[in-house]
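Residues in the sequence shown are numbered from 1 upward in steps of one, following the UniProt record's numbering. What follows is a set of notes on a single structure, which appears directly below.
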Amino acid sequence: MLQRREQGSTEEAYGATPTAGLRIPGSIKALTERFRHRDQGSTEENGSIPNGGVPSRILGGVKTLAARFRARDAPGAEIAFDSLALPSAGDGTVNTYWLDPGFSYAVVTRDKNSSLKYEVFEPALEPSEYILLNEAHDYIRDVFLFDSPREKNEISLTYDDVVPILRRFAPKLAKDRIAVLYYYLKRNFQGFGRIEPLMHDDYLEDISCNGVGVPVYVYHRLYESMPTNITFKGDELNRFVLKIAQKADRQISLTTPLVDASLPDGSRIQLTFSDIVSTRGSSFTVRKFRKDPMTPVSLIEYGTYSPEVLACIWLAVENRKSMIVVGGTASGKTSTMNAISFFIPHHSKIVSIEDTREIQLPHENWLPTQTREINVRGSRGDVDMFALLKAALRQRPEFIIVGEVRGREAQTLFQAMNTGHTTFSTLHAGSIDEAINRLVSDPINVPTAMLGALDLMVIQSLHYLNDGTARRCDSLHEIRVEQGREIVHDCLYRWDPLTDEFHRESSGSHVLDDIARRRGWSADELERELARRAEFLARIHANGGIGVDDLIRRIAAFGGGADVGPE
């Protein structure tokens, strides 16, 4: 059993008594022992521990630890933790990795029923340290933050800020314990409290809690949905939901118990408050924001698209063809739309419109806009997608990206298409036929004749394969309207679930033929251009990919006629 602070204990008061066996010795020994297996029954040999634990050689001195914090708090600092190591895997352990290096890590385990569980491990605390944290917490809240100049909802708490505060209440506190207490203070003031370690895990897509006493669940990119060892008790969950709403600069209460918003890091949140709309009480879901934007090469890496399909989409985007990405929940629609936006010429003017910020573009000439909802009843000042879209049309954009069409804004979007604006968007539907039915039916009601301005529809789904789940582009379709009333869709590419490969369904394409006509290409030249782009993407993927800035540069150079491959 690993030495750790029990994640199920009360967070905000810092006052819960740690369970037996969680005591950690003070001084330097604490740094060595805090993540060690309590019953390892072995000693270190050549810097390794056979039964798990942290070798003493990987843990720097107290000065090094303090310097790490100071450096990490410095603007733009990047700290490498290559000298740290994780405990060795024990029975039932599937994976172990750092979350906040040196202070929290995750262990994925499998029980005798083959069920997976995600556990968070943090440093344990002495009973006296809980009292000290309470004192420091109150002082920071009532005195330090009150006297510190800061922007709205911004809390900045550095290691050098915390040292004199803790010394004020415990003059003889060991320096290594200051580091641990600083971790908890910063976790709860600047971070997300109990789920802060989860927010550091780039493998997690979703974090959700369905009520009091129910384990927090995570959706892992490798292991899918798993319960964690984190639960909220009593009124603690209500306080936590209020805290998240405050971080998102939104109000949630008994009169407005539902909130959809974005966190400062771009993650999407959905909150419910109290038991008004859920019998289990308050709940929350965090859809984490990717730090690294999804790129076309990422789509190839995950097997979502083939280079050939992306080459076709690339040519369409570059030649100002409008497109909608269609799929169900968690099928990766927005990620795909973000990735294919890399094909937009770099200096083109782009306006994006979203309810909650998800799109990440590297383009400088990009104006991201977001709706605003005022919670106060009867107040004015709401800005919906319809208003943003009308405003965008007055800004002469070359490309308009709408996060999702689902209401009256769709008619304005299709009017923009019919007046020559290139638009990208997403739509919730399970197939091409369902997507068309949604567009022409209530509440969207796009006139059939206007659908002819839409060039392509990408159908994407979340599939269950032998080795887990995977997102795949089911098909790529052209859309056309014949005689102003009949909607026809032709499949260009289709995914084969038996072979997990993509096949071209039709050699004829009115979209590609139109591009060839405008570019002065013959049919053979068009095919060579598609093959050239597919080879370009395949080469970059085969060489392990490249950075975002370099990818943008190479795509731009390729569009200018240079066959640029990875160096």
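We put the beta carbon where it would ideally sit given N, CA and C, even for glycine.
Alpha carbon to alpha carbon, how far is Asp-513 from Ser-507? Give it in angstroms, no decimals.
-> 10 Å
Distance between Gln-460 and Gly-430 (C-alpha atoms, nearest Å) | 8 Å
Is it buried or exposed for Gly-407, if we count other Cβ within 10 angstroms and need 16 for buried?
-> exposed
How far does the alpha helix (DSSP H) with His-137 in it reach, from first residue to last?
-> 127-139
Distance, Asp-142 Cα to Gly-378 Cα = Residue confidence is low: Gly-378 scores 49 on pLDDT, short of 50, so the model does not pin down where it sits. Its coordinate-derived value is still stated next. So the alpha carbons of these two residues sit roughly 34 Å apart.
Trp-366 to Arg-280 span [Cα, whole Å] = 42 Å
By a C-beta neighbour count over all protein chains shown, 10 Å radius and 16 as the cutoff for buried, is Asp-201 buried or exposed?
-> buried
Beta-bridge pairing of Ala-170 - partner residues as DSSP gives them | Answer is none; Ala-170 lacks a bridge partner.
Same chain, Cβ closer than 6 Å to His-477, neighbours up to 5 away in sequence not counted | Ile-432, Met-457, His-489, Cys-491, listed in sequence order.
Under a Cβ-count criterion, where at least 16 other Cβ atoms within 10 Å of its own Cβ denotes burial, should His-421 be classed as buried or exposed?
-> buried
Taking only runs that begin and end inside the region 230-298, name each unbroken alpha helix (DSSP H) of 4 or more residues, in chain order.
-> 236-247
Can you tell me where the alpha helix (DSSP H) with Val-548 in it begins and where it stops?
-> 548-559
Assign Tyr-159 to one of two classes, buried (16 or more other C-beta atoms within 10 Å of its C-beta) or exposed (fewer than that).
-> buried
Residues in its own chain within less than 8 Å of Leu-132 by CB, not counting five upstream and five downstream?
-> Result list for Leu-132: Leu-166, Phe-169, Ala-170, Leu-173, Leu-181, in chain order.
Say yes only if the C-beta of Thr-109 is nearer than 7 Å to one or more non-hydrogen atoms of the ligand GDP, and no if none qualify.
-> Annotation note on the ligand GDP: not contained in the displayed structure, which lists no ligands.
Using a Cβ-Cβ cut-off of 6 Å (strictly less than) and excluding sequence neighbours within five positions of Pro-397, which residues of its own chain qualify?
-> Same-chain partners within the cutoff: Lys-349, Val-351.
Closest to Thr-304 by CA distance: which of Val-548, Trp-521, Arg-494, Tyr-118 is it?
-> Arg-494
For Ala-429, which of helix, strand or coil comes out of DSSP?
-> coil
Using a threshold of 8 Å, state whether the C-beta atoms of Met-385 and Ala-339 are closer than that.
-> no
Pick helix, strand or coil for residue 569, following the three-state DSSP scheme.
-> Outside the shown range of the chain (1 to 567) lies residue 569, about which nothing can therefore be said.
Buried versus exposed, by CB contacts within 10 Å (16 or more), Gln-360 | It counts as buried.
Please check the pair Ile-140 and Leu-185, which I expect to be a contact at CB under 8 Å, by giving their CB distance rounded to whole angstroms.
-> 7 Å
Secondary structure at Pro-307, three-state DSSP: helix, strand or coil?
-> helix
Pro-197 - containing alpha helix (DSSP H), residue span | Pro-197 -> alpha helix (DSSP H) spans 196-199.
What residue range is occupied by the uninterrupted beta strand (DSSP E) comprising Asp-496?
-> Per DSSP, Asp-496 belongs to the beta strand (DSSP E) from 486-496.
Coarse secondary structure for Tyr-118, derived from DSSP in three states | strand
Proximity below 8 Å, CB of Leu-315 to CB of Glu-529 = Yes, they are a contact pair.
Within 8 Å, strictly: CB atoms of Ser-322 and Met-450 = no
Should Phe-284 and Ile-300 be called a contact, given that it needs their Cβ atoms to be closer than 8 Å?
-> Note that the C-beta distance between Phe-284 and Ile-300 is not below 8 Å.
With distances taken from CA atoms, which of Val-286, Leu-310, Ser-253 is nearest Val-277?
-> Ser-253
Go ahead and pull the three-state DSSP assignment for Pro-368.
-> Here Pro-368 sits in strand by DSSP.
In its own chain, which residues sit with a C-beta less than 7 Å from the C-beta of Glu-234, not counting the 5 before and 5 after it?
-> Checking the sequence shown, residue 234 turns out to be Gly, not Glu. Answer for Gly-234: Val-212, listed in chain order.
Return the CA-CA distance between Gly-520 and Val-511, expressed in angstroms with no decimal places.
-> 14 Å
Alpha-carbon to alpha-carbon, Phe-103 and Tyr-183 | Rounded to the nearest angstrom, the two C-alpha atoms are 7 Å apart.
Ordered along the chain, which non-local residues of its own chain (more than five positions away) have a Cβ less than 8 Å from that of Val-446?
-> Ala-410, Gln-411, Phe-414, Leu-439, Val-440
Pull up the CB-CB distance for Arg-287 and Ser-267, whole angstroms please, since I reckon it's below 8 Å.
-> 6 Å
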